[in-house]
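So the structure is just underneath, and the comments pick up after that.
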Amino acid sequence: MSIKRFAVIGHPIGHTMSPFIHKRLFELAGISAEYGVLDIAPEALKSDYNSVLKELDGYNITIPHKQSIIPLIDEIDSKAKLYGSVNTVLNRDGKAKGFTTDPDGFLKALEYARIPLSGRVVILGCGGAARTMAYEAALAGAKLEFAVREQSVEKAEKLAREIKTAVKTDDIKCVDVKNLSGDIKTLINATPVGMSPNTEYQPVTDSQLEKCENVFDAIYNPLETRLISKAKANGSRAEGGMSMLVWQAVVSHRHWDGSTYDVKDIEKLCADAYEELKKR
Ligand code: NAP
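So for the sequence shown, our numbering puts the first residue at 571; every next one is plus one.
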């Protein structure tokens, strides 16, 4: 059987964890494949698309190509269309099809942590990760709220208006995080607050955190942020972002070859990926 060829493309792309994670996923699925790293500058994307990318069986896409790849490929699935973003391409029978696996990776991470996306869901931040998480929360019918620092309230309101129109809901609020109060079903951190090396910080106060039944932190370095440690100590259900990073990669394999995985193997991969991250 011939070796399949995959890669991740981006610019710059020096520290990507993708080869480590995807090589393990191919191994676990018993698929003989190589997975490379291609640094492609924005101005080279079109020519490299025809000369290099079309020759691969599939590839992942990271910043800055997640939008600019769309006009080059032949089709995109409905979620990629909704988000206007593609991070996975499958080349099959001469056609390139694009997907976005970030939303499903997020949903899978929550599912395996048994964290619900229903009731009052508060998202901290309104950047790229928050946008994906907020769309999914709105689609799942949650009572969604953005809690952001004072200078970001206007930006959060703009995002809330976009999601309200796209998902046809009125149930989205925006507050200054300082004014966040009351019981929260699920709190999601989509800010870098608490990320290595600034691990002594947390994005909400202890008393705000005590009101949260479930907590998800998108940060994956460290594996357990101060927010997650404290939430666990409070008796809340809590999960860090490494599971999301790994599950969105798992979803790429579902699109490429239909592979499915044992949850125990994915848990082990999350732990190993963190050890690999620490080495870098
Ligand atoms: P981003 O687009 O830059 O958005 C960051 C958000 O956090 C913005 O709303 C920003 O507010 C806010 N923020 C930044 N510093 C803050 C502070 N000191 N206090 C309060 N809010 C602050 O970044 P992103 O791509 O969404 O990533 C956010 C986090 O998620 C990062 O830690 C990233 O590593 C993680 N992430 C994890 C995964 C995963 O698979 N686990 C995937 C993507 C991202 P302003 O708009 O005011 O700057």
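From the three backbone atoms N, C-alpha and C, an ideal C-beta is built for every residue, glycine too.
Can the beta-carbon of residue i be found closer than 7 Å to that of residue j?
{"i": "Y605", "j": "K624", "result": "no"}
{"i": "S806", "j": "C782", "result": "yes"}
{"i": "V745", "j": "A700", "result": "no"}
{"i": "A704", "j": "I685", "result": "no"}
{"i": "L626", "j": "R662", "result": "no"}
{"i": "D672", "j": "Q818", "result": "yes"}
{"i": "V622", "j": "V578", "result": "no"}
{"i": "V820", "j": "Y831", "result": "yes"}
Sorted by chain position, which residues of the same chain lie with C-beta nearer than 6 Å to residue i's C-beta, five sequence neighbours on each side aside?
{"i": "A683", "result": "E809"}
{"i": "D753", "result": "K781"}
{"i": "E597", "result": "none"}
Nearest-angstrom Cα distance between residue i and residue j?
{"i": "K713", "j": "K725", "result": "19 Å"}
{"i": "L615", "j": "I639", "result": "8 Å"}
{"i": "G675", "j": "E645", "result": "21 Å"}
{"i": "G789", "j": "A730", "result": "The residue asked about is misnamed: residue 789 is Ile in this sequence, not Gly. In a straight line, the C-alpha of I789 is about 22 Å away from that of A730."}
{"i": "A666", "j": "I631", "result": "13 Å"}
{"i": "L694", "j": "A760", "result": "5 Å"}
{"i": "T775", "j": "Y619", "result": "48 Å"}
{"i": "P792", "j": "R850", "result": "13 Å"}
{"i": "I573", "j": "N768", "result": "42 Å"}
{"i": "L652", "j": "D835", "result": "31 Å"}
{"i": "V691", "j": "K678", "result": "17 Å"}
{"i": "T670", "j": "T702", "result": "10 Å"}
{"i": "T735", "j": "K649", "result": "16 Å"}
{"i": "G689", "j": "G664", "result": "45 Å"}
{"i": "Q721", "j": "K838", "result": "40 Å"}
{"i": "S617", "j": "N749", "result": "50 Å"}
{"i": "A603", "j": "D787", "result": "32 Å"}
Quick one: residues in its chain with C-beta nearer than 7 Å to the C-beta of residue i, no 5 flanking neighbours on either side, listed in chain order?
{"i": "E581", "result": "The question names Glu, but residue 581 in the sequence shown is His. Taken in chain order, the residues that qualify are D609, I610, A611, P612 and P634."}
{"i": "F590", "result": "A843 and E846"}
{"i": "A708", "result": "L714, I733, V737, T739 and I742"}
{"i": "L687", "result": "L680, E706, A707, A710, A712 and T756"}
{"i": "V785", "result": "L757, L797, I798, A801, S806 and A808"}
{"i": "K636", "result": "S655, V656 and N657"}
{"i": "S766", "result": "N791 and P792"}
{"i": "R719", "result": "V747"}
{"i": "E770", "result": "R796"}
{"i": "V851", "result": "With the chain covering only 571 through 850, there is no way to say anything about residue 851."}
{"i": "M812", "result": "Y790, L793, C840, A843 and Y844"}
Go through its chain and collect everything with a Cβ distance to residue i's Cβ below 8 Å, but skip five positions before and after it.
{"i": "Q772", "result": "V763, G764, L779, T795, R796, L797 and K800"}
{"i": "M587", "result": "L815, A843, E846 and L847"}
{"i": "V723", "result": "C744, V745 and D746"}
{"i": "I601", "result": "K574, D827 and S829"}
{"i": "I583", "result": "V607, L608, D609 and T632"}
{"i": "S751", "result": "Q778 and K781"}
{"i": "H585", "result": "R850"}
Nearest to residue i by alpha carbon, out of the options?
{"i": "H825", "options": "Y629, I579 and E597", "result": "Y629"}
{"i": "G828", "options": "L595, V578, R719 and H585", "result": "L595"}
{"i": "G668", "options": "L642, R690 and K678", "result": "L642"}
{"i": "G697", "options": "E727, T670, T830 and L652", "result": "E727"}
{"i": "H823", "options": "E837, N804 and V659", "result": "V659"}
Any C-beta of chain B sitting closer than 7 Å to the C-beta of residue i?
{"i": "S766", "result": "Among the protein chains of the structure shown there is no chain B, as only one such chain exists."}
>> List, from N- to C-terminal side, the beta strand (DSSP E) runs of 3 residues or more that fit wholly inside the region 656-684.
In response: 658-662 and 665-669
>> Which complete beta strand (DSSP E) runs does the region 715-799 hold, if anything under 3 residues is left out?
In response: 742-746, 754-759 and 782-787
> Of all the beta strand (DSSP E) runs that stay within the bounds of the region 621-645, which reach a length of 3 or more residues?
Replying inline: 628-631
> Considering only residues of the region 590-616, which uninterrupted beta strand (DSSP E) runs meet the minimum length of 3 residues and lie entirely inside it, listed in chain order?
Replying inline: 603-609
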